[in-house]
Amino acid sequence: MWRVIGQEKVLPILQNNIGKHNLPHALLISGPPHVGKMTLAIDIARAINCQRDNPPCGECESCLKIENGKHSDVQVISLISQYNDIEEKTRTEISIDDIRQIQHMVSLPPFEGKQKVFIIEGAELMSMEAANCLLKTLEEPVTQSVFILLTTNIGIIPETIVSRCREITLNPIAAAIIENTLISVYDIDKEKASLISRLSHGCAGWALSAVQEEKYLDKYYDIRNKAIEIIDAGLHERFVYAATLSTQFTRERAVVYDVLDIWLDIWRDVLLLKTGLRDSVSNIDISKQLEKWAECMDISDIRGFIQSIQETKEKLNQNANSKLALEVMMLDIPVIIVNIGKR
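All residue numbers for the sequence shown refer to numbering that gives the first Met the number 0, where the first residue is 0 and numbers rise by one.
Structure representation (structure tokens):
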């Protein structure tokens, strides 16, 4: 069973390629975070090595091993790759050592499956040396080996690598499709399914993680609650929070980007409520609270702070001083917000 949701244009082509044993030796799957890239990559690995008809069955020994990360012929290479001795939280790129390990494994025949599958998560994070090393491997395809590169930003991957891969683009899907899938397949009640589907912004991978791992949604709520708390906090508390985020940014950049994305979620909802577009709100479970904010703010203030959050993300991407960038964002929180309860 293929688990990827709402990608009907992609699946028939892959199924046909796998059924006829002519899957390209290298695939490049691109799309926004959590849209389902890794889910699709694992599905492809299962389908290639499935031991039954109509792959992937999801029940044979091979499918189960791949799903649980226990299959010796399916390897995932990422910032937390087992092949690098550097403390995983300090890594910002996939190194040449990671790719050299792949080269060694490619030279060996499959141990227990039909084909070896190498999934490179965050292919845009490869160092130039790693990218050049991978290019040499892609230029000389080896039978019984498939490479699957995953990326959120195909534009910064060297064209020499892109040109040697079959490109697959995964786009966000309608919230209604995700909601219906959560209800029919995962037996989630309609209210929770509606909330999760809206919070996912069309990214099925995020929705499935929220359903399958309770802590995933709890993490979202924790960040959101902190954002709401900071709105009513004084300048000192805001700067302390900025310093906390800055320290965290040096260890886990992705976590801080997640925080800023959730802030954007909240303030876009405030803007939507201000303009009367209630049906498009994501955080429907706190819409009444957000509506009170919207009533107390000028629309230009809301737009201004949304822009400030976006600019902060851009500054962090450009390796600006993270503490300073986050402090400036805290200063940009509209002053009127502090006095919402007093108006």
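Glycine is no exception: its CB is placed at the ideal position from the N, C-alpha and C atoms.
Ends of the beta strand (DSSP E) at residue i?
i	result
Val116	115-120
Ala166	Checking the sequence shown, residue 166 turns out to be Glu, not Ala. Taken as a continuous stretch (DSSP letters only), the beta strand (DSSP E) holding Glu166 covers 165-168.
Gln74	73-76
With which residues is residue i paired in a DSSP beta bridge?
i	result
Ser144	Lys115
Thr150	Ser29
Met127	Answer is none; Met127 lacks a bridge partner.
Ile332	Partner(s): none; Ile332 has no beta bridge.
Ile93	Met125
Grab me the residues of residue i's own chain with a C-beta within less than 6 Å of its C-beta, minus the 5 sequence neighbours each way, in chain order.
i	result
Ser29	Thr150, Ile153, Thr168
Asn15	none
Glu213	none
Ile118	Ala40, Val75, Ile147
Trp205	His33, Ser199
Val116	Ala44, Val73, Val145
Arg51	Cys59
Since residue i is in the alpha helix (DSSP H), which residue starts that stretch and which ends it?
i	result
Ala175	174-183
Glu236	234-250
Gln309	298-316
Pro11	10-18
Glu139	Unbroken run through Glu139: none, as it is neither H nor E.
Ser286	286-294
Ser61	60-66
Asn48	36-48
Trp1	Looking at the DSSP string, Trp1 is not in any alpha helix (DSSP H), and its letter there is neither H nor E.
Asn224	213-230
Ala319	It is not in any alpha helix (DSSP H) - Ala319 carries neither H nor E in the DSSP assignment.
Ser162	Per DSSP, Ser162 belongs to no alpha helix (DSSP H) and is neither H nor E.
Ile195	189-198
Apart from the five residues just before and just after residue i, which ones in its own chain have a Cβ nearer than 8 Å to its Cβ?
i	result
Thr243	none
Arg252	Thr91, Leu315
Ile308	Leu259, Trp262, Leu263, Trp266, Met328
Met0	Pro55, Cys56, Gly57
By Cβ distance below 7 Å, which residues in the same chain neighbour residue i in space, the five residues on each side in sequence not counted?
i	result
Glu86	With a pLDDT of only 47 at Glu86, under the threshold of 50, the placement of this residue in the model should not be trusted; the figure read from the coordinates follows. So the list is empty, once near-sequence residues are dropped.
Glu71	One detail in the question is off: residue 71 reads as Ser in this sequence, not Glu. These residues qualify, in order along the chain: Phe110, Glu111.
I think residue i touches residue j, with their Cβ atoms under 8 Å apart; what is that distance to the nearest whole Å?
i	j	result
Ile222	Val269	So it is not a contact: roughly 16 Å between Cβ atoms.
Arg163	Ala25	6 Å
Ile160	Leu133	7 Å
Thr172	Ile43	For the record, residue 172 in the displayed sequence is Ile; it is not Thr. Going by Cβ atoms, the distance from Ile172 to Ile43 rounds to 19 Å, so no, they are not a contact pair.
Val34	Ala203	7 Å
Met37	Glu166	With 8 Å as the limit, Met37 and Glu166 do not qualify as a contact, their Cβ atoms being about 17 Å apart.
Using a threshold of 8 Å, is the CB atom of residue i nearer than that to any non-hydrogen atom of the ligand NAD?
i	result
Asp231	This structure lacks the ligand NAD, and indeed carries no ligand of any kind.
Quiz item: Taking contact to mean at least 3 C-beta pairs separated by less than 8 Å, is the stretch 273-283 in contact with the stretch 293-300?
Solution: yes
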